[in-house]
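Note sheet for the following structure.
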Amino acid sequence: MSDWIEQLERLTALHRSGALTDAEFAAQKAKLLEAKDQASAAPAPAEWQAEPAPAGGLSKWILIGIPAAALLAGAAWFGSTLVGGGTDPEISASATATDAAVAMATPSEAPPMPVALDGSLKFGAPSQCEATGALEAIYKKLDAAAELGSGKGMTVKLDAWDAPLALSAKVATDKDGVETRDAWVKFPEATTWHGLKLSRVTTQTVMVPESDGGYSRTINFLEPADKVQKTLARLGFGAPKAPDFSELGGEGCGGSAQIVSLDGGSALSCSWGC
Numbered sequence: 062m063s064d065w066i067e068q069l070e071r072l073t074a075l076h077r078s079g080a081l082t083d084a085e086f087a088a089q090k091a092k093l094l095e096a097k098d099q100a101s102a103a104p105a106p107a108e109w110q111a112e113p114a115p116a117g118g119l120s121k122w123i124l125i126g127i128p129a130a131a132l133l134a135g136a137a138w139f140g141s142t143l144v145g146g147g148t149d150p151e152i153s154a155s156a157t158a159t160d161a162a163v164a165m166a167t168p169s170e171a172p173p174m175p176v177a178l179d180g181s182l183k184f185g186a187p188s189q190c191e192a193t194g195a196l197e198a199i200y201k202k203l204d205a206a207a208e209l210g211s212g213k214g215m216t217v218k219l220d221a222w223d224a225p226l227a228l229s230a231k232v233a234t235d236k237d238g239v240e241t242r243d244a245w246v247k248f249p250e251a252t253t254w255h256g257l258k259l260s261r262v263t264t265q266t267v268m269v270p271e272s273d274g275g276y277s278r279t280i281n282f283l284e285p286a287d288k289v290q291k292t293l294a295r296l297g298f299g300a301p302k303a304p305d306f307s308e309l310g311g312e313g314c315g316g317s318a319q320i321v322s323l324d325g326g327s328a329l330s331c332s333w334g335c
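Note that our numbering has the sequence shown beginning at 62, numbered continuously upward.
In structure tokens, the structure reads:
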């Protein structure tokens with residue numbers, strides 16, 4: 062079966078499951094068909110040809126039919142693993158001396174108004190990392206973006222902001238054939254959740270050949286692990302700081318929850334798999 066047919070079937074399945082809206086399905090389908098048409102119409106590369114040099118002159122070469130090359134830049138927006146002690150560019154980056162000088166010379170804008178998502182991002186069973194409502198919808202949308210290999214054109218809408226939030230995703234396969242699908246949504250500056258500075262929400266799917274692989278969900282904060290652990294404990298979460306973890310129930314091999322430290326912050330990490 063052709064790759065584009067398989068991708069179209071995958072799109073259709075995501076649309077039917079509710080992971081893609083009608084508009085997102087139409088946009089993704091149009092891009093898929095456009096890429097297929099371009100691949101079919103691409104001309105065969107021409108060879109180099111030399112033009113004989115005129116008498117008494119230097120050799121003159123003419124390049125004929127140089128094929129165009131398309132460069133796809135992969136978005137790496139957080140430069141770290143989603144689960145574990147990775148580096149978050151927005152968290153760890155420090156201003157340079159030039160940036161500081163410009164900031165001092167330029168009048169600063171008013172700081173963004175704080176936005177609390179306490180009522181929007183909820184867990185039905187905190188001790189089991191079971192999300193509900195808008196948060197579960199975000200996780201499912203992130204899974205769809207990861208399965209497609211790109212979050213381009215995909216968004217999630219929360220009542221706290223007029224404009225929807227854009228999703229990002231990437232897929233990588235290592236030399237052993239292990240495929241890792243990452244997806245994330247960033248929150249605007251000054252976003253909080255139960256008093257904690259919120260950074261983003263992520264998902265990661267790891268597909269290991271001849272194995273069940275694993276799946277994880279995180280909520281990333283611009284706060285130290287100690288503070289996050291204490292706040293979550295008051296909300297009913299039993300996740301300790303890594304390397305310790307609490308067990309999660311569920312089908313199959315079960316899972317675990319823990320608070321992992323990141324450069325400049327930390328995250329609640331909930332993982333399942335064998």
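Note that the Cβ used here is the ideal one computed from N, Cα and C, for glycine as well. Remember, predicted model here, so these are calculated numbers, not experimental data.
Original post:
With C-beta atoms as the reference, is V289 less than 8 angstroms away from S327?
Top reply: Taking the sequence shown and counting its residues from 1, the one referred to as residue 289 is at position 228. Taking the sequence shown and counting its residues from 1, the one referred to as residue 327 is at position 266. Yes, they are a contact pair.
Original post:
Does DSSP classify G194 as helix, strand or coil?
Top reply: Sequence index remark: in the sequence shown, residue 194 carries index 133 (1-based). Under the three-state reduction of DSSP, G194 is assigned to helix.
**OP:** Along the alpha helix (DSSP H) that carries K291, what are the first and last residues, could you check?
**Re:** Indexing the sequence shown from 1 puts residue 291 at position 230. K291 -> alpha helix (DSSP H) spans A286 to R295.
**OP:** Give me the Cα-Cα distance between A230 and P285, rounded to the nearest whole angstrom.
**Re:** In the sequence shown, residue 230 corresponds to position 169, counting from 1. In the sequence shown, residue 285 corresponds to position 224, counting from 1. If I take the Cα positions, the gap works out to 26 angstroms.
Original post:
Hey, would you say T264 sits closer than 8 angstroms to Y200, going by beta carbons?
Top reply: On the sequence shown, position 203 is the one that residue 264 refers to. On the sequence shown, position 139 is the one that residue 200 refers to. Less than 8 angstroms divides the Cβ of T264 from the Cβ of Y200.
Original post:
What three-state label does DSSP hand S272 in the structure shown?
Top reply: Residue numbering aside, residue 272 sits at position 211 when the sequence shown is read from its first letter. Shown here, S272 sits in coil according to DSSP, grouped into three states, outside any helix or strand.
**OP:** Excluding the 5 residues preceding and the 5 following E191 in the sequence, name in chain order all residues of the same chain whose CB lies nearer than 7 angstroms to its CB.
**Re:** Start at 1 with the first residue of the sequence shown, and residue 191 comes out as number 130. Hits under 7 angstroms: F184 and G185.
Original post:
Helix, strand or coil for L75 per DSSP?
Top reply: Translated into positions along the sequence shown, residue 75 becomes position 14. For L75, the secondary structure class from DSSP, reduced to helix, strand or coil, is helix.
Original post:
Around the Cβ of T279, are there at least 16 other Cβ atoms within 10 angstroms (buried) or fewer (exposed)?
Top reply: Residue numbering aside, residue 279 sits at position 218 when the sequence shown is read from its first letter. Buried: at least 16 other Cβ atoms inside 10 Å.
Subject >> 8 angstroms contact criterion, which Q319 and A294 should meet: CB distance rounded >> reply: Here the question's residue 319 lines up with position 258 in the sequence shown. Here the question's residue 294 lines up with position 233 in the sequence shown. Incorrect: roughly 13 angstroms between the Cβ atoms, too far for contact.
Original post:
To which residues does DSSP link W254 through a beta bridge?
Top reply: For this step, residue 254 is matched to residue 193 along the sequence shown. For W254, which the question treats as bridged, DSSP gives the partners L257.
Original post:
Thinking just about the alpha-carbon of each residue, which of Q189, D83 and A171 is nearest to the one in G297?
Top reply: Position 236 of the sequence shown, counted from the start, is the residue given in the question as residue 297. The closest CA to that of G297, considering only Q189, D83 and A171, is found on Q189.
Original post:
DSSP on L182, reduced to helix/strand/coil?
Top reply: Within the sequence shown, residue 182 is the residue found at index 121, counting from 1. Correct three-state label for L182: coil.
Original post:
Hey, P249 and P173: beta-carbon distance below 8 angstroms or not?
Top reply: Here residue 249 corresponds to residue number 188 of the sequence shown, with the count starting at 1. Here residue 173 corresponds to residue number 112 of the sequence shown, with the count starting at 1. Yes. Within cutoff.
**OP:** Identify the continuous beta strand (DSSP E) that holds D243 and give its terminal residues.
**Re:** Within the sequence shown, residue 243 is the residue found at index 182, counting from 1. Residues E240 to K247.
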